[in-house]
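In our numbering, the protein residues as written are 4 to 412.
The beta carbon of each residue, even a glycine, is placed where N, CA and C say it ideally should be.
Just so we're clear, the structure is a prediction, and the values are computed from it rather than from any experiment.
Shown next, in structure tokens, is the structure this report addresses.
As structure tokens, then:
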């Protein structure tokens, strides 16, 4: 054991600050909020792209070459509360529960047949989105089969209940995987020094007070035989059976996965659209070109259909450029190493948390020419017949991740 510790001690770790005895870098992280800015500043001072991976070579190492080793998630207070003690998919550590939920999403929720089944609901909600740009409405329609939890507004827009629900979702996203002392000193969780536990708990209460009654009522409808056809994602979850024809998912698992689906669907699309519109307003020639493409492909006075999207290359390039320049968050969801590894010549011990910097990748001047300029043309492919893909397989942009922990949708 002594020889093993000595061997690890002398292996080259990534550059970083010298920690204090016992407390390590916790004092610095507490003093320098928000933590992500301190981490990016540290990268500049130490001239490294490993402490927080921001070069395209590093994500390739973590997410492709060593994908299996870095496929887990950290145990932390915010993720545990949000996922009902790790019963969902995206934020759960790797293991049997994650495999079970991932398989269910891939086979039953994100399958081509389910995509076709929900086409009418997406199209119906798209009509409303012309006036009300709320991604939450689209997700609610697909999950619960309804736009509103309450009566909505007289003019057809989302009401107080929907706004409170979405506000709760965004609050959770703000604090999910945020730096909390209790994640590093678990015995301090009871004191909630950061206040994060109460903030997340209150936000979850606001979200679940609307979702949980819908789930409970729907389960009862199926149990009593009142409902007989699967119309949405919630119906699919309720009707999944194991080999002995018992429910495959518990009510608690359904609640956790529904919450995760809502969280995954509200922030990234709305952020990309908002920034794309803002950038187009500042550069009218880009807006005019996008409008000309819409007129050419869709036609004036007509609604855009899903079948039109493959032919809207420039519009897709505008969205992809928003993903690059204005990512929805500083980092992707953290990865955790399940065993020792060597990446970029540095020793990464088992249990290390790996953060991939979205702005560090998307604004890297070694990869992108004039990286701070909004320029959709950089994504237009040379062959006109080829489509602009929103996923960057070379990992120069990190919007949906890749590998075992890539976005399943």
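Alpha carbon to alpha carbon, how far is residue j from residue i? Give it in angstroms, no decimals.
| i | j | result |
| --- | --- | --- |
| residue 366 | residue 277 | 19 Å |
| residue 104 | residue 292 | 42 Å |
| residue 311 | residue 300 | 7 Å |
| residue 244 | residue 253 | 11 Å |
| residue 100 | residue 190 | 26 Å |
| residue 139 | residue 152 | 11 Å |
| residue 150 | residue 164 | 11 Å |
| residue 108 | residue 21 | 43 Å |
| residue 241 | residue 228 | 13 Å |
| residue 230 | residue 224 | 5 Å |
| residue 249 | residue 222 | 14 Å |
| residue 327 | residue 364 | 8 Å |
| residue 62 | residue 178 | 24 Å |
| residue 186 | residue 351 | 20 Å |
| residue 347 | residue 411 | 28 Å |
| residue 135 | residue 272 | Low per-residue confidence applies at residue 135: pLDDT is 43, beneath 50, and the placement is therefore not dependable, though the value from the model is reported in the following sentence. Residue 135 and residue 272: Cα-Cα distance of roughly 14 Å. |
| residue 371 | residue 324 | 11 Å |
| residue 275 | residue 247 | 44 Å |
Assuming contact is defined by CB atoms lying nearer than 9 Å, are residue i and residue j in contact in what I supplied?
| i | j | result |
| --- | --- | --- |
| residue 215 | residue 258 | yes |
| residue 255 | residue 92 | no |
| residue 172 | residue 235 | no |
| residue 180 | residue 94 | yes |
| residue 406 | residue 29 | no |
| residue 2 | residue 394 | Residue 2 is absent from the model: the chain starts at 4 and stops at 412. |
| residue 369 | residue 334 | no |
| residue 266 | residue 121 | no |
According to DSSP, what are the bridge partners of residue i?
| i | result |
| --- | --- |
| residue 151 | Answer by DSSP bridge pairing: none, since residue 151 is not bridged. |
| residue 250 | 244 |
| residue 162 | Answer is none; residue 162 lacks a bridge partner. |
| residue 198 | Paired residues: none, contrary to the question. |
| residue 75 | 339 |
What runs of the beta strand (DSSP E), each 3 residues or longer, lie entirely inside the stretch 304-376?
Complete beta strand (DSSP E) runs here, min 3: 344-346, 349-351.
Could I get the ranges of all uninterrupted alpha helix (DSSP H) runs contained in the stretch 251-278, with 4 residues as the minimum, in chain order?
254-269
Quick test of the definition: if touching needs 3 or more C-beta pairs under 8 Å, does the stretch 200-218 touch the stretch 79-90?
yes
Cβ contact check for the stretch 376-385 and the stretch 348-356: 3 or more pairs under 8 Å:
no
Can at least three beta-carbon pairs, one atom from the stretch 220-239 and one from the stretch 143-152, be found at a separation below 8 Å?
Yes, the stretch 220-239 is in contact with the stretch 143-152.
Take every Cβ of the stretch 197-204, pair it with every Cβ of the stretch 71-79, and state whether three or more of those distances are shorter than 8 Å.
no
Which runs of the alpha helix (DSSP H), 4 residues or longer, sit entirely within the stretch 60-124?
60-63, 80-85, 99-107, 115-120
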